[in-house]
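So the sequence shown is numbered by the UniProt record's numbering: it starts at 1 and just counts up by one.
Shown next, in structure tokens, is the structure this report addresses.
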Amino acid sequence: MEKKIFKILSSLLLIVSLLLGFTVYSQKDRQNLEVDFLDVGQGDAILIKTPYEQNILIDGGPSTKVLSQLGRHLAFFDKNLDLVILTHPHSDHVAGLVEVLRRYKVKKILMTGVVHTSPDYEAFLQEINKQNIPTEKAIAPKEIILGQDLNLQILYPLTDLSEKKIENLNDSSIVAKLIYKHNSFLLTGDAEAIVEQDLLNNKTDLKADVLKIAHHGSKYSTTAEYLDAVKPQFAVISVGENNNFGHPHLRTLDNLQKRQIEILRTDYSGTIALVSDGIDISIKK
């Protein structure tokens, strides 16, 4: 009897120790800002983990692969997403979000509300309505305060796109700038050259340490003038291995290489995790 009680107590102690260990690891890991460009194949999904214990997911990729990525990059007990942002409703950005909404507690969704009728987007909207998740329209300029010295600025779209039909959905993409102390990340969805020019014409402060290359590095984005305004140290390309679109385009890569910008690609490296202490940005190994 005593042996049985001892085994039970030992098992409970082991479980408590593991939980405490995970908690300590999580708190230690959250002293900095971490931005994970998740490897979801030919699509986009970005997980932001803030020093204030917030989780933000921008897009969900083309499939449920995002779930395994979230499982790897969040503690096993962490099923909360403080904010989900859908940059635009193309399937390679929205499809994975449907299951995310079903399996995670999502506090709020930020999107443009642009009109689109694909099955993936309709399933996403139905899940929002089913769970009664609060939504907010993305219209620039908007600033979301996440904590001391940490904010997310919405730079685009410049007008209200809700209930509007846009010929090229890529050009309805939310463009956001994440700023933590002296570091910044420019996150661009699939915004093409016309959006880049709108931002330049609007005298938007585009300078950033990290640029998420728009539209998986296609030839329709990342103009020379735009790169000269951003002046990034790192360029991250979220792209599927051996994809059928020729992404990233050689012209895009050439524009980056000419400016000696360090290129990080999910098709080569898998998920790319960048960590900022507010002064320096490093690649998490």
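All C-beta atoms in this analysis are idealised placements derived from N, C-alpha and C, irrespective of residue type, glycine included.
Keep in mind the model is a prediction, meaning the values are calculated, not measured.
C-beta atoms of residue i and residue j nearer than 9 Å
| i | j | result |
| --- | --- | --- |
| L211 | V239 | no |
| H116 | I174 | no |
| A191 | H216 | no |
| D120 | Q69 | no |
| G113 | Q54 | no |
| T135 | I109 | yes |
| K49 | N80 | no |
| H90 | N170 | yes |
| T271 | R72 | yes |
| S282 | F245 | no |
| S172 | L161 | yes |
When the options are compared against residue i, the one with the closest alpha-carbon
| i | options | result |
| --- | --- | --- |
| L264 | L33, N32, L38 and Q31 | L38 |
| A208 | A229, L253, T223 and N201 | A229 |
| D82 | Q148, A95 and V100 | V100 |
| P141 | P62, Y180, N202 and R102 | N202 |
| A273 | I46, L250 and E136 | I46 |
| Q260 | Y226, G270, K231 and S276 | K231 |
| L33 | H182, Y268 and N170 | H182 |
| I279 | I166, L150, K285 and D171 | L150 |
| D277 | P51, V66, D36 and D44 | P51 |
| K65 | L253, Q131, L199 and G96 | G96 |
| L158 | K107, T252 and D198 | D198 |
Sequence-distant residues of its chain with Cβ nearer than 8 Å to residue i (five each side left out)
| i | result |
| --- | --- |
| S184 | K177, L178, K207, A208, D209 and V210 |
| N255 | T222, T223, A224 and L227 |
| K284 | E34, A273, L274 and V275 |
| I85 | I56, L57, I58, D59, I109, L110, M111, A138, I174 and A176 |
| L67 | G96, E99, V100 and R103 |
| R251 | K219 |
Chain-order list of residues whose beta-carbon lies under 6 Å from that of residue i (same chain, five-residue window excluded)
| i | result |
| --- | --- |
| N243 | Q42 |
| I154 | A138, A140, K142 and A176 |
| E241 | D267 |
| A123 | V98 |
| I144 | L152 |
| D44 | D59, H93 and S238 |
| S269 | none |
| T188 | V175, K212 and A214 |
| Q233 | D209 |
| G61 | V40, G43, A45 and G96 |
| E262 | F234 |
Residue i - containing alpha helix (DSSP H), residue span
| i | result |
| --- | --- |
| R102 | L97 to R103 |
| Q197 | A193 to N201 |
| I128 | P119 to Q131 |
Range of the contiguous beta strand (DSSP E) that encloses residue i
| i | result |
| --- | --- |
| D36 | L33 to F37 |
| residue 289 | With the chain covering only 1 through 285, there is no way to say anything about residue 289. |
| L150 | L150 to Y156 |
| E262 | E262 to R265 |
| E143 | K142 to G147 |
| L187 | N183 to L187 |
| K284 | K284 -> no beta strand (DSSP E), and no H or E assigned at all. |
| A176 | V175 to Y180 |
| L110 | I109 to M111 |
| F234 | F234 to I237 |
| S276 | I272 to S276 |
| T135 | T135 to K137 |
| K164 | No beta strand (DSSP E) holds K164; DSSP gives it neither H nor E. |
| L47 | I46 to K49 |
Other residues of its chain near residue i: CB distance less than 7 Å, five sequence neighbours each side excluded
| i | result |
| --- | --- |
| T223 | A193 and E196 |
| R102 | E127 |
| T204 | L155 |
| K28 | The pLDDT assigned to K28 is 48, lower than 50, so where the model puts this residue is not dependable, and the model offers no usable value. |
| E163 | G113 and V115 |
| Y180 | L33, D149, L150, S276 and G278 |
| L200 | E225, Y226 and A229 |
Any non-hydrogen atom of the ligand SAM closer than 8 Å to residue i Cβ
| i | result |
| --- | --- |
| N255 | Inclusion of the ligand SAM in the displayed structure is not the case, the ligand content being empty and no account of it being possible. |
Would you mind listing the beta strand (DSSP E) stretches within the segment 53-104 that are 3+ residues and don't spill past its ends, in chain order? 55-58 and 83-85
Whole beta strand (DSSP E) elements within the segment 206-230, 3-residue minimum: Uninterrupted beta strand (DSSP E) stretches at least 3 residues long and entirely within the segment 206-230 occur at 210-212, given in chain order.
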